[in-house]
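A.B. asks:
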Amino acid sequence: MEHDDIESAIDREAAGWVIRADKGPLSPAEQQHLDAWLNADVRHHGAFIRAQAAFDLTAQISIESLGDIPGLNLYPEPHVAGLSRRRALFVGGAGMSAAAALALYVNLESRSVTYRTVRGEIRTLPLEDGSSVTLNTESEILVSFKRTTREITLVRGEALFDVAKDKQRPFTVTVGNTVTRAVGTSFAIRNLENQPIELLVREGAVEMFRQSSNRERPLLVNAYSRAITSEIPFPTVKLVDTALDDAAIARFLAWRQGMISFQGESLKKAADEFNRYGEVQILVEDPQVAGKTVTGLFSVNNPVGFARTVAISLDLKIEVSANKVMLWK
Amino acid sequence: MSNGSRDRSLWLSRHILPFEHSMRVWLASKARGGLEVDDIIQQMYVILASLDSVEEIRNPRGYALQTAYSVIQAHHRRSKIVSFTQINDAEGFGAVSDAPSPEREAAAREELQMVRDIIRDLPERHQQVFVMRRILGLSHKEIADRLQISENTIEKLLTVAMQLITEAFKRGGSFRARTSMKRAKRDLFRLMPK
Chain A
9 MEHDDIESAI DREAAGWVIR ADKGPLSPAE QQHLDAWLNA DVRHHGAFIR
59 AQAAFDLTAQ ISIESLGDIP GLNLYPEPHV AGLSRRRALF VGGAGMSAAA
109 ALALYVNLES RSVTYRTVRG EIRTLPLEDG SSVTLNTESE ILVSFKRTTR
159 EITLVRGEAL FDVAKDKQRP FTVTVGNTVT RAVGTSFAIR NLENQPIELL
209 VREGAVEMFR QSSNRERPLL VNAYSRAITS EIPFPTVKLV DTALDDAAIA
259 RFLAWRQGMI SFQGESLKKA ADEFNRYGEV QILVEDPQVA GKTVTGLFSV
309 NNPVGFARTV AISLDLKIEV SANKVMLWK
Chain B
7 MSNGSRDRSL WLSRHILPFE HSMRVWLASK ARGGLEVDDI IQQMYVILAS
57 LDSVEEIRNP RGYALQTAYS VIQAHHRRSK IVSFTQINDA EGFGAVSDAP
107 SPEREAAARE ELQMVRDIIR DLPERHQQVF VMRRILGLSH KEIADRLQIS
157 ENTIEKLLTV AMQLITEAFK RGGSFRARTS MKRAKRDLFR LMPK
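Protein sequences, first through last, are from chains A and B. This note's numbering puts the first residue of the first sequence at 9, with every later residue one more than the last. This note's numbering puts the first residue of the second sequence at 7, with every later residue one more than the last.
1. Following the continuous beta strand (DSSP E) through methionine 267 of chain A, name the residue where it begins and the one where it ends.
2. May I ask you to report which of helix, strand or coil DSSP gives glutamate 117 of chain A?
3. At a Cβ cut of 9 Å, what residues of the stretch 267-278 of chain A count as close to chain B, listed as they run along the chain?
4. Would you be able to state if there are at least three C-beta pairs under 8 Å between the stretch 264-282 of chain A and the stretch 226-245 of chain A?
5. Determine, for lysine 31 of chain A, whether the minimum Cβ-Cβ distance to residues of chain B falls below 7 Å.
6. Does aspartate 170 of chain A get closer than 7 Å to chain B when you measure Cβ to Cβ?
7. Give the residues from the stretch 36-47 of chain A that approach chain B closer than 8 Å (Cβ to any Cβ), ordered along the chain.
8. Quick one, which of A:Thr186, A:Ala258 and A:Pro178 has its alpha-carbon nearest arginine 5 of chain A's?
9. Could you tell me if asparagine 331 of chain A is buried or exposed, where buried requires 16 or more neighbouring beta carbons within 10 angstroms of its beta carbon?
10. Assuming threonine 186 of chain A contacts methionine 216 of chain A (C-beta within less than 8 Å), just tell me the rounded distance between them.
11. What is the residue span of the alpha helix (DSSP H) that alanine 48 of chain A lies within?
12. Looking only at its chain, what residues have a beta carbon closer than 6 Å to the beta carbon of valine 248 of chain A, apart from the 5 residues adjacent to it on each side?
13. Buried or exposed, going by whether 16 or more other CB atoms sit within 10 Å of the CB of glutamate 116 of chain B?
14. Pull up the DSSP beta-bridge partners for serine 321 of chain A, would you.
15. If leucine 65 of chain A and isoleucine 125 of chain B are in contact, beta carbons under 8 Å, what's the gap, nearest whole angstrom?
16. Taking the Cβ atom as the reference point for each residue, do alanine 150 of chain B and glutamate 157 of chain B lie within a distance shorter than 7 Å?
17. Tell me which residues share the same chain as methionine 138 of chain B and place their Cβ nearer than 6 Å to its Cβ, disregarding the 5 neighbours each side in the sequence.
18. Which residues share a DSSP beta bridge with serine 152 of chain A?
19. Using the beta-carbon of each residue, which ones in chain A are nearer than 7 Å to alanine 55 of chain B?
20. For the alpha helix (DSSP H) holding methionine 138 of chain B, just list the boundary residues, first then last.
21. DSSP three-state call for glycine 90 of chain A: helix, strand or coil?
22. Leucine 128 of chain B: beta carbon under 6 Å from a heavy atom of the ligand ZN?
23. Sort B:Arg12, B:Ser11, B:Ala55 and B:Pro24 by Cα distance to alanine 174 of chain B and report the nearest one.
24. Quick check on the DSSP output: the beta strand (DSSP E) that includes phenylalanine 195 of chain A runs from which residue to which?
25. Are the C-beta atoms of arginine 122 of chain B and some chain A residue less than 7 Å apart?
26. For threonine 66 of chain A, which residues in chain B fall below 8 Å Cβ to Cβ?
27. Nearest-angstrom Cα distance between arginine 30 of chain B and isoleucine 47 of chain B?
28. If the cut is a Cβ gap below 8 Å, which residues of chain A does glutamine 133 of chain B touch?
29. Within the 7 Å Cβ cut-off, does valine 50 of chain A reach chain B?
30. Verify the CB distance criterion: does glutamine 60 of chain A have a CB-CB separation below 7 Å to chain B?
31. Give the secondary structure of lysine 246 of chain A by DSSP, where H, G and I count as helix, E and B as strand, and everything else as coil.
32. If you reduce the DSSP assignment to three classes, tell me which class leucine 207 of chain A lands in.
33. Look at the alpha carbon of glycine 32 of chain A and the alpha carbon of glutamine 39 of chain A, and state the distance between them as a whole number of angstroms.
34. Using the C-alpha atoms, what's the distance from tryptophan 17 of chain B back to serine 118 of chain A?
35. Output, in chain order, the set of chain B residues within a Cβ distance shorter than 9 Å of phenylalanine 63 of chain A.
36. Identify the contact partners of alanine 23 of chain A in chain B, using a Cβ-Cβ distance below 7 Å as the criterion.
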């Protein structure tokens, strides 16, 4: 046998023993057999330890965190006589009067509601399906729930969606010609002027695609990843981060607590971020100053405090007037 | 399995297993004279599993690398092969193994994502049975009832699933070569002495 074949045979044997030991206690004969196999070769022992470690790791995964897997059926229809649940519902529907059914249909098909926040406002809204959405400053969404779909349009701004699981009704968020689709998950989308659309996935997985591009497959964006739209050389979506940690996620979503977090962003970008929230505008005109970097956690409703801190740490001059803060060298 | 070895198994699964692919890439450039990477890795697992305590190990991955390296050295001593590159590399990793591990937090999350991806990639039937056993926690008998197949078949499906999973860890958590190469590069970059 070639080395790889031997290796594969050892791995299979090791996997078999791990599965067998997990099923229930080994009989004395089986235990003896296993011990003999383990002692026969150090490679057997190593493969067994390794397989056991991998096996133990799989138990750390919850069904929720695994996310939706197309084609995975964990609850196959039981093989018993009688009506399945789906058929029973269908019969109930047909039993209703035509008028009642029609009213219900129209109602379900036409419900669409707009929610918006004003500058500086941050608001969490429960949605009728059990999902919730948190809107950041100056944001607007259009919610349109139907029998088989849950459609949201992010008109502008930034929103975090905590989506209730419902396999029968995919949850889509449309921003311009960019669509994201989830089943049960948590993700944030940002749609600011002159910036790419940005998707951050906190839990589960989300598909993201451009409606204009029918030759591309949707991009699957997993938890702890970030993706943005890109126009060049053609409209598409691309991953920018795939291994964020909890601290990074918390930083991106600090706005939910009325905070802004910077980790080495340029002062220009930081000022723009602050300027989204309040009447007070921070102005940094010198490009050299604007390019300096900023790190720290700040309260969104205290732009002046932020500017003063920056002025001290970067040794800048500061002038504060009614609605304006100037920073310069 | 006793509680102690269960703890050790979890420690290995969290700290060493997700990192195995990058180790293999590195070891492949070191192993000579008839020593296979698989052999080194398996001996490394045996040594790590038999340590009295792992509590003092601040950088498990660095420690595992040194352990693997000691396996190679022992082999070279026996076969009387020594080269300069080996000595230089050993010094490099000496520095790494004592360093604290700033990306430990990230890694602790990442290995769960890795195992999720592996499960998501399993063939349909194996995936169904494996998720029922390991994630829903159904017994072999309950799965057999639910799927109307024999317990013997379930054991076989689980064994193949398990083999695919350990195989995927060798390749860095994916059945797809391209992703795993990217991951290997990234992990190696983290690992190299600054």
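The C-beta atom is built at its ideal place from N, Cα and C for all residues, glycine as well. Since this is a predicted model, take the numbers as computed values, not measurements.
C.D. replies: The short version:
1. For the purposes of this step, residue 267 of chain A is identified with residue 259 of the first sequence, where counting begins at 1. It spans 267-274 - the beta strand (DSSP E) in which methionine 267 of chain A sits, taken as one unbroken run.
2. Working through the first sequence from its first residue, we reach residue 117 of chain A at position 109. Bear in mind that the predicted position of glutamate 117 of chain A carries a pLDDT of just 42, short of 50, making it unreliable; the figure below should be weighed with that in mind. Correct three-state label for glutamate 117 of chain A: helix.
3. Taking 9 Å as the Cβ-Cβ cut-off against chain B, none of the residues of the stretch 267-278 of chain A qualify.
4. Fewer than three Cβ pairs drawn from the stretch 226-245 of chain A and the stretch 264-282 of chain A lie within less than 8 Å of each other, which leaves the two stretches out of contact.
5. For the purposes of this step, residue 31 of chain A is identified with residue 23 of the first sequence, where counting begins at 1. Yes - at least one Cβ of chain B is within 7 Å of the one on lysine 31 of chain A.
6. Within the first sequence, numbered from 1, the residue matching residue 170 of chain A stands at position 162. For aspartate 170 of chain A, the answer is no, since every Cβ of chain B falls outside 7 Å of its Cβ.
7. Within the stretch 36-47 of chain A, contact with chain B at the beta-carbon level (separation under 8 Å) is assigned to no residue.
8. Coverage of chain A is limited to positions 9 through 337, which leaves residue 5 of chain A absent and any answer about it impossible.
9. Numbered from its first residue, the first sequence carries residue 331 of chain A at position 323. Exposed.
10. If you number the first sequence from 1, residue 186 of chain A lands on position 178. If you number the first sequence from 1, residue 216 of chain A lands on position 208. Distance from threonine 186 of chain A to methionine 216 of chain A at the Cβ level is roughly 7 Å; contact confirmed, criterion being Cβ atoms closer than 8 Å.
11. Looking up residue 48 of chain A in the first sequence gives position 40. Secondary structure note for alanine 48 of chain A: its alpha helix (DSSP H) is the uninterrupted segment 36-48.
12. Stepping through the first sequence from its first residue, residue 248 of chain A is reached at position 240. Closer than 6 Å at Cβ, skipping near neighbours: Arg234 and Ile236.
13. On the second sequence, residue 116 of chain B is found 110 positions in, with the first residue counted as 1. Buried: at least 16 other Cβ atoms inside 10 Å.
14. Your numbering for residue 321 of chain A matches position 313 in the first sequence. Per DSSP, serine 321 of chain A has no beta-bridge partner at all.
15. Counting from 1 along the first sequence, the entry for residue 65 of chain A is found at position 57. Counting from 1 along the second sequence, the entry for residue 125 of chain B is found at position 119. With a beta-carbon spacing of about 10 Å, leucine 65 of chain A and isoleucine 125 of chain B fall beyond the 8 Å limit used to define contacts.
16. Taking the second sequence and counting its residues from 1, the one referred to as residue 150 of chain B is at position 144. Taking the second sequence and counting its residues from 1, the one referred to as residue 157 of chain B is at position 151. Between alanine 150 of chain B and glutamate 157 of chain B, the gap from beta carbon to beta carbon is short of 7 Å.
17. By one-based count along the second sequence, residue 138 of chain B stands at place 132. Closer than 6 Å at the Cβ level, and outside the excluded window around methionine 138 of chain B, lie Leu144 and Ile149.
18. As a first step, residue 152 of chain A must be located in the first sequence, where it is residue number 144. Here serine 152 of chain A is bridged, per DSSP, to A:Ser120 and A:Glu159.
19. As a working note, residue 55 of chain B is residue 49 in the second sequence. By Cβ distance, chain A contributes Ile57.
20. Along the second sequence, read from residue 1 onward, the residue named residue 138 of chain B stands at position 132. Careful: methionine 138 of chain B lies outside any alpha helix (DSSP H) and carries neither H nor E.
21. Here residue 90 of chain A is taken as the residue at index 82 of the first sequence, counted from 1. Because glycine 90 of chain A sits at a pLDDT of 34, beneath the cut-off of 50, its placement in the model cannot be relied upon, and the point is left open.
22. Among the components modelled here there is no ligand, and therefore nothing to report on the ligand ZN.
23. For the purposes of this step, residue 174 of chain B is taken as the residue at position 168 of the second sequence. The option with the nearest alpha carbon to alanine 174 of chain B is B:Pro24.
24. Within the first sequence, residue 195 of chain A is the residue found at index 187, counting from 1. Its beta strand (DSSP E) spans residues 194-199.
25. Here residue 122 of chain B is taken as the residue at index 116 of the second sequence, counted from 1. The C-beta of arginine 122 of chain B comes closer than 7 Å to at least one C-beta of chain A.
26. Along the first sequence, read from residue 1 onward, the residue named residue 66 of chain A stands at position 58. Under the 8 Å cutoff, chain B gives Val121, Ile125, Phe136, Arg140, Ile141 and Ile171.
27. Counted from its first residue, the second sequence places residue 30 of chain B at position 24. Counted from its first residue, the second sequence places residue 47 of chain B at position 41. Arginine 30 of chain B and isoleucine 47 of chain B: Cα-Cα distance of roughly 8 Å.
28. Counted from its first residue, the second sequence places residue 133 of chain B at position 127. Ile77 and Leu80, listed in chain order.
29. Here residue 50 of chain A refers to the residue found at position 42 when the first sequence is read from its first residue. The beta-carbon of valine 50 of chain A is placed less than 7 Å from the nearest beta-carbon of chain B.
30. By one-based count along the first sequence, residue 60 of chain A stands at place 52. True, the Cβ-Cβ gap to chain B drops below 7 Å.
31. As a first step, residue 246 of chain A is located in the first sequence; it is residue number 238 there, counting from the start. Strand, per DSSP.
32. What you label residue 207 of chain A is simply residue 199 of the first sequence in a count that begins at 1. Note: leucine 207 of chain A maps to strand in three-state DSSP.
33. For the purposes of this step, residue 32 of chain A is taken as residue 24 along the first sequence, with counting starting at 1. For the purposes of this step, residue 39 of chain A is taken as residue 31 along the first sequence, with counting starting at 1. Between glycine 32 of chain A and glutamine 39 of chain A, the C-alpha separation is close to 12 Å.
34. Counting from one through the first sequence, the residue named residue 118 of chain A turns up at place 110. Counting from one through the second sequence, the residue named residue 17 of chain B turns up at place 11. With a pLDDT of only 44 at serine 118 of chain A, under 50, the local geometry of the prediction cannot be trusted, and the value read off the model is given with reservation. Each residue's Cα considered, the two are about 54 Å apart.
35. Mapped onto the first sequence, residue 63 of chain A falls at position 55. Think of a sphere of 9 Å around the beta carbon of phenylalanine 63 of chain A: the chain B residues whose beta carbon falls inside it are Ser15, Ser19, Arg140, Met168, Ile171 and Thr172, in chain order.
36. As a position in the first sequence, residue 23 of chain A is number 15, starting the count at 1. For alanine 23 of chain A, the chain B residues whose C-beta falls within less than 7 Å of its own C-beta are Thr165, Met168, Gln169 and Thr172, listed in chain order.
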